[in-house]
Amino acid sequence: MVKQKALTFPLTSKEIGNIVRSEWRYTVEDAIFYPAPHRYPCSSKPAGTHRFRITASMEFDLRCMDCKDIREYDGTGRCEACGGILECVYPRAILSTLGEQKTEEGLARFAPALPVEKGFLPYLGEAQTPLLRSKTICNELGLACLYFKDETQNPTGAFKDRGISISVGLALKTKSKGIMTVSSGNAATSLSTYAAACQLPCLVLVDSEASTPKLQQILVMGAQCIKVRGIFERGSEPLCELLSEVSHHLNYWPAFSWAPVNPYSVEGTKTIAYECAHITPDVVVCPVAGGDNLAGQWKGYKELYNAGVIEKRPRMIGVQPKGSAPLVSAFNRRENHVTPIAKATTVVTGLRTTFSGDHALKAVYESDGCAIEVDDRDTIRCKNRLARLEGIWIESSSAVTVAALPLLIESKFLDRYEKVICVLTGAGHKEQIDIDIRTGLQEANFDPDDILRKYLELVR
Ligand SMILES: [Zn+2]
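Listed below in structure tokens is the structure:
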């Protein structure tokens, strides 16, 4: 029997106890979410300090992207002085070894340039995903060299496995009692999988519109899952405070994959760049929600460039769906800060967000790239075409990159002779199916004539 209960935040200690003791085994429907009473401005940290600290043995600093001061992790990804986003910086001597041949599997091969030692990193086969050269779509578009970085080949079918692997490693290193996140789906399925692999208790808060395949994956992995209505609609500050408060109460590692809260998981995302740099792309096209994917990859290319491993860096292009494009609005107005939008409306659920991070905007400017919005209908069309023309089944949030290509060519931002990578972030089978299987099926008798007749009807 599935137990259901409505929750309000902040949780009481009894409710937290129930979650920790796994008495609520399955989804708690439609928890009502209230912003925590003491809101904090973006430029300051939440009241109280976090109990997790990453220290000592690792050779990296946490540095503010804006004032460049070195900071200590206090449970937020923000500089306590200026509110800038924090990032991990490594000595050049470490980064310069990234061009060497490695024998380790998964993220461990990049461990010296990660915020957690390889002994703590779980491995389920993540990373080293294929970089596939387009055979058909590139010809249609008249592009000389188009690649797809196929992140759908990660263990849970999404690029999130890279950042989540880092988060789970940090939870193990800090001896956290468990791990938690909030996600529209992909980060949640990834976290529940990696937590299961490490036997780490796991709590995921999901948007009430998360797809059934994603929810099934979370529950099969045995994570505690709570649907929170409108969890992404209240903006980043109440959301960050909610996460900080719940994770603090539970002594769970906060694994929300967004650099303004968590400066570590983006270190997993940057390894996509490490794996693509050898082809020296001119342009990298990324879907953008919070912005970690684009910002993380840009960080990876910058690290390799600054350490002398590569000689040029690509232009980074952020793509968002119309109706959910705060980054594009900021870029079009040449602003330095992404202003959240009131409401996000798009069928591309993986990118339905009202806010994006300033780190992604900074990456677009630094790389001389751009941000562009695409129509939902074009996105769905490209998703289906990628399946039928290239044999790659992606979710719509990945298809925005392909939908952006004609616009980039038309606006002369992209030269047809340039080397382009579209980063495909999530697998199609994790999305609610939007094809009516009855229209593509025929039934026949155990009879060759009948089968051939029905086949001719299908191909007609
Ligand atoms: Zn600062």
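Taking my numbering as reference, the numbering of the sequence shown is continuous, increasing by one, and the terminal residue is 646.
Where a beta carbon is used, it is the ideal one built from N, C-alpha and C, also for glycine.
Because the structure is a prediction, the values reported are computed rather than measured.
- Counting along the chain, the unbroken alpha helix (DSSP H) around residue 592 starts and ends at 582 to 596.
- In this structure the region 353 to 364 does not touch the region 584 to 600; the number of beta carbon pairs closer than 8 Å is below three.
- Rounded to the nearest whole angstrom, the C-alpha separation of residue 407 and residue 293 is 22 Å.
- The nearest non-hydrogen atom of ligand 1 is 8 Å or more from the C-beta of residue 548.
- A check of alpha carbon separations from residue 360 across 410, 305, 323, 369 identifies 305 as the nearest.
- For residue 268, the CB falls within less than 8 Å of some heavy atom of ligand 1.
- Annotation for residue 444: 476, 478, 543 place their beta carbon closer than 7 Å to its own, counting only its chain and skipping 5 residues before and after.
- When DSSP assignments are scanned along the region 425 to 458, the uninterrupted stretches of beta strand (DSSP E) that are 3 or more residues long and fall wholly within it turn out to be 438 to 440.
- When 535, 504, 284 are compared, the shortest CA-CA separation from residue 396 is found for 535.
- Counting along the chain, no beta strand (DSSP E) covers residue 377; the unbroken alpha helix (DSSP H) around it starts and ends at 372 to 383.
- Residue 253 counts as exposed, since fewer than 16 other C-beta atoms from the protein chains shown sit within 10 angstroms of its C-beta.
- Counting C-beta pairs closer than 8 Å gives fewer than three between the region 508 to 519 and the region 487 to 496, which falls short of the contact rule.
- Secondary structure at residue 361: coil, using DSSP grouped into helix, strand and coil.
- By the neighbour-count criterion, in which 16 or more other beta carbons inside 10 Å mark a residue as buried, residue 277 falls on the exposed side.
- Beyond the five residues adjoining it in sequence on each side, residue 327 comes within less than 6 Å, by CB distance, of 591 in the same chain, given in chain order.
- Residue 473 places its beta carbon 9 Å or farther from that of residue 315.
- Taking the Cα positions, residue 633 is about 11 Å away from residue 640.
- Taken from the Cβ of residue 247, every heavy atom of ligand 1 lies 8 Å or farther away.
- Sorting 324, 287, 435 by C-alpha distance to the C-alpha of residue 261 places 435 at the top.
- Per DSSP, residue 507 is one residue of the beta strand (DSSP E) stretching across 501 to 507.
- Counting only runs that start and end inside the region 260 to 325, the alpha helix (DSSP H) elements of at least 4 residues fall at 278 to 281.
- The three-state reading of DSSP puts residue 254 in coil, since its state is none of H, G, I, E or B.
- Just so you know, the alpha carbons of residue 548 and residue 298 end up roughly 26 Å apart.
- For the region 481 to 553, the full-length alpha helix (DSSP H) segments reaching 4 residues or more read 512 to 518, 544 to 552 along the chain.
- The C-beta separation of residue 448 from residue 441 comes to about 7 Å, placing the pair in contact by the 8 Å criterion.
- DSSP places residue 399 outside any beta strand (DSSP E); the residue lies instead in the alpha helix (DSSP H), whose first and last residues are 398 to 406.
- Looking at the DSSP output, residue 557 sits in a beta bridge with 504.
- At least one heavy atom of ligand 1 lies less than 8 Å from the C-beta of residue 252.
- The closest CA to that of residue 313, considering only 455, 529, 301, is found on 455.
- Residue side-chain check: residue 255 places its Cβ nearer than 8 Å to a non-hydrogen atom of ligand 1.
- Per DSSP, the beta-bridge partners of residue 413 are 392.
- Spanning the alpha carbons of residue 615 and residue 345 requires a straight line of approximately 14 Å.
- Nearest to residue 584 by C-alpha distance, out of 569, 593, 573, is 569.
- Under DSSP, residue 574 shares a beta bridge with no residue.
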